[in-house]
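Residue 56 is where the sequence shown starts when you use the numbering used here, and the numbers rise one by one after that.
Notes to accompany the following structure.
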Amino acid sequence: MNHLRVNTFHTAASDRAEHWAEINRCHFGGLSVEAMETGLLEAELSRYELGGLRLFQIEAPPHLVVRNPRHTPDALDDCYKLVLQLQGHARIEQRHRVFDLHAGDWSLYDPRVPYSIGNFERTRLLAIQIPRELLRGFKVPELHTCEARDSAQLGLSAVLGGFLRSLSEQLASLPDEAAPALSETVLSLLGYTLLSEQHQGRVHATLPGVMKLRVQQYVQAHLGEDDLSIDSIAEAMRCSKRYLHRVFEDEPVTLERYIWRERLARSQLLLAAPAQAERKIADIAFACGFRSNAHFCRMFKAEYGVAPSGWRGQHAHTH
Numbered sequence: 056m057n058h059l060r061v062n063t064f065h066t067a068a069s070d071r072a073e074h075w076a077e078i079n080r081c082h083f084g085g086l087s088v089e090a091m092e093t094g095l096l097e098a099e100l101s102r103y104e105l106g107g108l109r110l111f112q113i114e115a116p117p118h119l120v121v122r123n124p125r126h127t128p129d130a131l132d133d134c135y136k137l138v139l140q141l142q143g144h145a146r147i148e149q150r151h152r153v154f155d156l157h158a159g160d161w162s163l164y165d166p167r168v169p170y171s172i173g174n175f176e177r178t179r180l181l182a183i184q185i186p187r188e189l190l191r192g193f194k195v196p197e198l199h200t201c202e203a204r205d206s207a208q209l210g211l212s213a214v215l216g217g218f219l220r221s222l223s224e225q226l227a228s229l230p231d232e233a234a235p236a237l238s239e240t241v242l243s244l245l246g247y248t249l250l251s252e253q254h255q256g257r258v259h260a261t262l263p264g265v266m267k268l269r270v271q272q273y274v275q276a277h278l279g280e281d282d283l284s285i286d287s288i289a290e291a292m293r294c295s296k297r298y299l300h301r302v303f304e305d306e307p308v309t310l311e312r313y314i315w316r317e318r319l320a321r322s323q324l325l326l327a328a329p330a331q332a333e334r335k336i337a338d339i340a341f342a343c344g345f346r347s348n349a350h351f352c353r354m355f356k357a358e359y360g361v362a363p364s365g366w367r368g369q370h371a372h373t374h
C-alpha cells in the first residue's frame, strides 16, 4: 500500500527532538512534544490513506505529547483519534480520566479537548484519524477505551484490537484496492463498541446506526465516482433503497443531498489546498464526482455563497 515515511535518522543529533516535534505537529496539529530521556532520538512515522481514514505507524523512544487548552483548533482537529498500543507502556489523561495503555490496548479520544500522552518506554503504536462526520449519530463517550464492563464489551474490544493489530502488521503489503473494505471494517467494529457502551450490550437494537456508519464511509471512499447514487449504495450494502432512506430519516438532509454536500465539502478543501493551486477548477469538479463544471459552479455558489474561483482566491494567501 502506498505510504509516506518520515524519520529523524538523518537529522543532526542536536536537532532531532525539534524535528520529531515538527513531524507530529505537521500530522496532528498543535502539540507540545518532549523527549523523556537523553540520548540519540531515533523516531519514525509512516502514513497510510485507508478510504476516508488516515493511519499512522509510529515508533519512538520515550516522549510526552501534550495538547494544551491554548491551542487554536485547526483542520487537523476535525477528527477523532483511535490509538492502538503495539509495544511499550503509555498513559493518556483527558477530562480528569487516566488510562494506562499496554500492548494490545486501544483508546478513542477527541483531540480538540486538552490531553496528554506519556510514552514511558520505546513505543510502537497505530494511530487512526477518523473524520467526525463518520461517527456522527454515535455518542462518543469521554475517553472511550478497551476497558470493558461486561463480557460482551470485552469481546467486542478484543476483536477490534486484534483486527487493528493484524492490519498494522500487514499495511505495507496490502493492495490499495483493499482500502475501502478495510476502513469499513474498522468503522463497523468501532461502531459496535460505541453502541455497546451506549446500550449496555444491546447492540442489536441499533443496527441502523452501524449501517449509517458503513454508508457514510462508502460515500467518502467513492465520492469521485460520478455514478455514485442511492442505487449503487444499496447494491453495495446489499439492502433496499427504502431501508437506506429509513436509516437516514433522522438526519437533517436526505442521503442524496448528503452525497452532494460531501462532494462540495471535498471540492472546497481541494480549492483551498496549496498543492492544488495549479489544478483547473473543472478538474477538481470532475475529481469530486461532478459531471458538469457548470453544474458544480452553480451548486458551489448556492451552498457557500461564493463561486469556486472566488473561494480559491480568498484562500490563496492563507497558507
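All C-beta atoms, glycine included, are put in the ideal place defined by N, C-alpha and C.
Tell me whether asparagine 174 sits in a helix, a strand or coil according to DSSP, three-state version. Translated into positions along the sequence shown, residue 174 becomes position 119. Strand, per DSSP.
Would you please state the rounded distance, in angstroms, between the beta carbons of leucine 110 and leucine 181? I believe it to be under 8 Å. For the purposes of this step, residue 110 is taken as the residue at position 55 of the sequence shown. For the purposes of this step, residue 181 is taken as the residue at position 126 of the sequence shown. With 8 Å as the limit, leucine 110 and leucine 181 qualify as a contact, their Cβ atoms being about 7 Å apart.
Do leucine 325 and proline 363 have their C-beta atoms closer together than 7 Å? Working through the sequence shown from its first residue, we reach residue 325 at position 270. Working through the sequence shown from its first residue, we reach residue 363 at position 308. The answer is no: Cβ separation not under 7 Å.
Does the contact criterion of 3 or more C-beta pairs under 8 Å hold for the stretch 228–241 versus the stretch 271–278? yes
Less than 7 Å between the beta carbons of proline 6 and phenylalanine 64, yes or no? Residue 6 lies beyond the residue range present for the chain, which begins at 56 and ends at 374; the question has no answer from this structure.
Three-state secondary structure (DSSP) at valine 214? Working through the sequence shown from its first residue, we reach residue 214 at position 159. Looking at valine 214 - three-state DSSP - the assignment turns out to be helix.
If you count every other CB in all the chains shown that lies within 10 Å of the CB of lysine 194, and 16 or more means buried, which is it? As a first step, residue 194 is located in the sequence shown; it is residue number 139 there, counting from the start. Label assigned to lysine 194: exposed.
Beta-carbon contacts of leucine 59 that lie in its chain and below 6 Å, excluding the five residues immediately before and after: Translated into the one-based positions of the sequence shown, residue 59 becomes position 4. Arg102, listed in sequence order.
Rounded distance between the beta-carbons of glutamate 114 and threonine 178, thought under 8 Å: In the sequence shown, residue 178 corresponds to position 123, counting from 1. In the sequence shown, residue 114 corresponds to position 59, counting from 1. With 8 Å as the limit, threonine 178 and glutamate 114 qualify as a contact, their Cβ atoms being about 7 Å apart.
Comparing alpha-carbon positions, which option in Gly94, Gln140 and Ala340 lies nearest serine 221? Position 166 of the sequence shown, counted from the first residue, corresponds to residue 221. Per the Cα distances, Gln140.
For cysteine 343 and leucine 319, the rounded distance between their alpha carbons: Looking up residue 319 in the sequence shown gives position 264. Looking up residue 343 in the sequence shown gives position 288. Using only the alpha carbons, I get a separation of about 8 Å.
Indicate the three-state DSSP secondary structure (helix, strand or coil) for valine 138 in the structure shown. For the purposes of this step, residue 138 is taken as residue 83 along the sequence shown, with counting starting at 1. Residue state, collapsed to three classes: strand.
Output yes or no for whether 7 Å exceeds the beta carbon distance between alanine 289 and leucine 299. The residue you call residue 289 lines up with position 234 of the sequence shown. The residue you call residue 299 lines up with position 244 of the sequence shown. It is a contact, given that the beta carbons lie within the stated cut-off.
Give the secondary structure of histidine 118 by DSSP, where H, G and I count as helix, E and B as strand, and everything else as coil. Reading the sequence shown from its first residue, position 63 is the one you call residue 118. Of the three classes helix, strand and coil, the one that applies to histidine 118 here is strand, per DSSP.
State the start and end residues of the unbroken alpha helix (DSSP H) segment that holds glutamate 311. On the sequence shown, residue 311 is found 256 positions in, with the first residue counted as 1. First-last of the alpha helix (DSSP H) with glutamate 311: 310–327.
Does DSSP put serine 228 in a helix, in a strand, or in coil? In the sequence shown, residue 228 corresponds to position 173, counting from 1. DSSP places serine 228 in helix when its eight states are reduced to three.
Counting only runs that start and end within the stretch 74–120, where is the beta strand (DSSP E) found for 3 or more residues in a row? 87–90, 99–105 and 108–115
Using a threshold of 7 Å, state whether the C-beta atoms of asparagine 123 and proline 169 are closer than that. The residue you call residue 123 lines up with position 68 of the sequence shown. The residue you call residue 169 lines up with position 114 of the sequence shown. Contact flag set, yes.
Identify whether valine 61 lies in helix, strand or coil by the three-state DSSP scheme. Against the sequence shown, residue 61 aligns to sequence position 6. Reduced to three states, the DSSP call for valine 61 is strand.
Three-pair Cβ contact test at 8 Å for the stretch 224–237 versus the stretch 91–107: yes
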